[in-house]
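Residue numbers for the sequence shown follow numbering that gives the first Met the number 0, beginning at 0 and rising by one. We treat Cβ as the ideally placed atom computed from N, Cα and C, and that holds for glycine. Model, not experiment: these values are computed from the prediction. In what follows, a single structure is set out as structure tokens and then discussed.
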Amino acid sequence: MRLEALLWVVAFILALAPGVAMLWYIRRLDKYEPEPGSLIGLAFLAGCLSTIPAVIIEQLLHLPISGFWGTLYGAFVVAAVTEEICKGALAWAFMWRKPQFNEVLDGIVYFGAAHMGFAITENLLYVFINSDLNVVRALMTGFARTTTAVPLHVINGMIMGYHAGMFRYAQNARDKWKHLLQAICLPILLHGIYDVAAFNQDTSQIKDITDLFAVGFGTALMYAAVVALWVVLLPRVKKAQEASPW
Numbered sequence: 000m001r002l003e004a005l006l007w008v009v010a011f012i013l014a015l016a017p018g019v020a021m022l023w024y025i026r027r028l029d030k031y032e033p034e035p036g037s038l039i040g041l042a043f044l045a046g047c048l049s050t051i052p053a054v055i056i057e058q059l060l061h062l063p064i065s066g067f068w069g070t071l072y073g074a075f076v077v078a079a080v081t082e083e084i085c086k087g088a089l090a091w092a093f094m095w096r097k098p099q100f101n102e103v104l105d106g107i108v109y110f111g112a113a114h115m116g117f118a119i120t121e122n123l124l125y126v127f128i129n130s131d132l133n134v135v136r137a138l139m140t141g142f143a144r145t146t147t148a149v150p151l152h153v154i155n156g157m158i159m160g161y162h163a164g165m166f167r168y169a170q171n172a173r174d175k176w177k178h179l180l181q182a183i184c185l186p187i188l189l190h191g192i193y194d195v196a197a198f199n200q201d202t203s204q205i206k207d208i209t210d211l212f213a214v215g216f217g218t219a220l221m222y223a224a225v226v227a228l229w230v231v232l233l234p235r236v237k238k239a240q241e242a243s244p245w
């Protein structure tokens, strides 16, 4: 029993650790005029709360569609569209009128923190509820999500926040619309691609070598999607830092 309790503590740490690491990274990016910790906490809370409408809407959108089209529907419509809009809407509602949101880089910080709140809440649900109280399954889930799902959510939030900040400070209607569309569509596209791979990770369905290769390919695609997220994000972070008035 002591070993099992220790393993549950490890699972709990796995669920939280990526959020702490990403928060440290986000705070380091905002080196010219760091945002107040209280507002970052408020953005984080907004992300936590966004899991509530996301879960409800995902349940309502669930349809018994099987095969390739079912995977696409589940990945892009049920998961990506629902979650990115809910995270973005709550971040927008909580942070948009704050006077401290006074440069593009602040969008990266606040939206990244909000998406982190969603990611950590979702992580805890997967590790402690969806594992059916099986500690081995909880540890495997925690490790997989720590290295893929949490970076997915947070980086998507930072990409969304960059374009939200650009929308806020754009000087003409054309640029505003361009960045608004990118703030919505880029995270949905990247999230959907990741989920297409993630939906093929049910190891309990492996019956032969073909199934094993399919799961392995899906795993590789998940990590490739996370790498692609960094490739999309980093040039935007650099532009936001270079544009900082501070």
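Sequence-distant residues of the same chain with beta carbon closer than 7 Å to residue i, five excluded per side
i	result
LEU89	ALA45, GLY46, LEU48, SER49, ALA113
ILE192	ALA224
LEU179	PHE166
ARG144	ASN122, TYR125
ILE154	LEU228, TRP229, LEU232
SER130	ARG136, ALA137, THR140
GLU3	VAL134
ARG235	ILE158, TYR161
THR70	VAL195, PHE198
GLN181	HIS162
VAL19	none
LYS97	LEU38
Spatial distance of residue i from residue j (CA atoms)
i	j	result
ALA227	MET157	14 Å
VAL8	LEU123	12 Å
ALA53	PHE75	14 Å
ALA78	ASP194	8 Å
GLU82	TRP91	14 Å
LEU6	LEU15	14 Å
VAL134	PHE198	22 Å
LEU220	GLN240	30 Å
PHE11	LEU151	19 Å
ILE64	HIS190	20 Å
GLN58	VAL80	13 Å
GLY66	LYS237	41 Å
ILE187	ALA196	15 Å
ARG1	ILE56	40 Å
ASN171	LEU28	27 Å
Anticipated Cβ contact below 8 Å, residue i with residue j, distance rounded
i	j	result
GLY160	PHE127	With a Cβ gap of about 29 Å, GLY160 and PHE127 do not count as contacting.
ILE107	GLY164	7 Å
MET115	LEU233	No, MET115 and LEU233 are not in contact; Cβ-Cβ is about 18 Å, not under 8 Å.
LEU13	LEU138	7 Å
LYS86	PHE43	Actually they are not in contact, since the Cβ atoms of LYS86 and PHE43 sit about 11 Å apart, beyond 8 Å.
SER243	TYR31	5 Å
Same chain, Cβ closer than 8 Å to residue i, five either side skipped, listed in chain order
i	result
THR146	PRO17, TYR222, VAL225
LEU41	PHE93, MET94
GLN99	GLU34, PRO35, LEU38, ASP105
TYR168	GLU102, VAL103
TYR72	LEU62, ILE64
Bounding residues of the alpha helix (DSSP H) (the contiguous stretch that carries residue i)
i	result
LEU41	36-60
TRP7	1-28
ILE84	81-94
Contacting residues, own chain, Cβ-Cβ under 6 Å from residue i (five flanking each side not counted)
i	result
THR185	Here the sequence assigns Leu to residue 185, which means Thr is not the residue at that position. The residues are ILE158.
LEU149	The question names Leu, yet the displayed sequence has Val at residue 149. Correct list, in chain order: PRO17, ALA118.
ARG26	none
Only counting runs of 4 or more residues, tell me where the alpha helix (DSSP H) segments fall wholly within the segment 105-190, in order along the chain.
Unbroken alpha helix (DSSP H) runs of no fewer than 4 residues, entirely contained in the segment 105-190, are found at 134-146, 148-168, following chain order.
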